[in-house]
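Residue numbers (the working numbering): 742 to 917.
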């Protein structure tokens with residue numbers, strides 16, 4: 742680029758770009774691309790409810806978006822996130838962990854799911870997935886379905902985390 746500018750100057754091509762009125766623009770080219778993208782107004786009610794700690798309203802706002810467009814991934818992830826916040830609010834993580842880590846607690850669906858929620862909240866996806874896959878193996882019937890559903894919800898939240906593919910395989914092996 743420097744070489745191009747040098748040659749242009751040697752040829753007498755100098756100056757500054759101006760707009761239609763002959764004014765030099767305030768922003769450099771590409772500044773609009775650097776600007777933060779506008780948010781989707783459909784999500785405003787959910788965001789406001791989350792900021793207020795109103796999980797019910799946030800869930801309802803996300804559900805409205807999903808009802809209108811079932812493939813809206815951001816709303817699906819938002820609803821799952823609200824569920825995670827709702828389930829962990831007011832829970833004693835330390836007490837849950839002390840119960841969940843007992844050798845005979847692998848099939849305690851409520852405790853294992855709650856502890857996995859705290860792992861997920863902290864971004865410890867592998868721990869959350871391993872805990873729940875172990876619980877799937879140790880449970881049956883409706884309990885097993887509850888844990889499987891929770892795992893699927895956490896997969897949505899984890900997105901592209903590298904732990905997801907291995908956990909999906911482990912879940913499939915545990916189920917079949």
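A virtual CB, placed ideally from N, CA and C, is assigned to each residue, including glycine.
For residue i, the three-state DSSP class (helix, strand or coil)
{"i": "residue 849", "result": "coil"}
{"i": "residue 903", "result": "coil"}
{"i": "residue 856", "result": "helix"}
{"i": "residue 782", "result": "helix"}
{"i": "residue 792", "result": "helix"}
{"i": "residue 835", "result": "helix"}
{"i": "residue 882", "result": "helix"}
{"i": "residue 773", "result": "Confidence in residue 773 is poor, its pLDDT being 49 and thus under 50, which makes the residue's placement unreliable; the coordinate value appears in the next sentence. Residue 773: helix per DSSP, three-state reduction."}
{"i": "residue 808", "result": "helix"}
{"i": "residue 865", "result": "coil"}
{"i": "residue 842", "result": "coil"}
{"i": "residue 748", "result": "Because the pLDDT at residue 748 is just 46, under 50, the model does not fix this residue reliably, and the value given afterwards should be weighed accordingly. Residue 748 falls in the helix class under three-state DSSP."}
{"i": "residue 917", "result": "coil"}
Proximity of residue i and residue j at Cβ, strictly below 8 Å
{"i": "residue 801", "j": "residue 897", "result": "no"}
{"i": "residue 869", "j": "residue 879", "result": "no"}
{"i": "residue 799", "j": "residue 787", "result": "yes"}
{"i": "residue 859", "j": "residue 834", "result": "yes"}
{"i": "residue 837", "j": "residue 855", "result": "yes"}
{"i": "residue 889", "j": "residue 912", "result": "yes"}
{"i": "residue 887", "j": "residue 861", "result": "no"}
Alpha helix (DSSP H) segment containing residue i, residue limits
{"i": "residue 824", "result": "814-829"}
Beta carbon proximity, residue i to chain D, threshold 8 Å
{"i": "residue 840", "result": "The displayed structure is made up of one protein chain only, and chain D is not part of it."}
Three or more C-beta pairs below 8 Å linking the stretch 811-827 and the stretch 840-849: no
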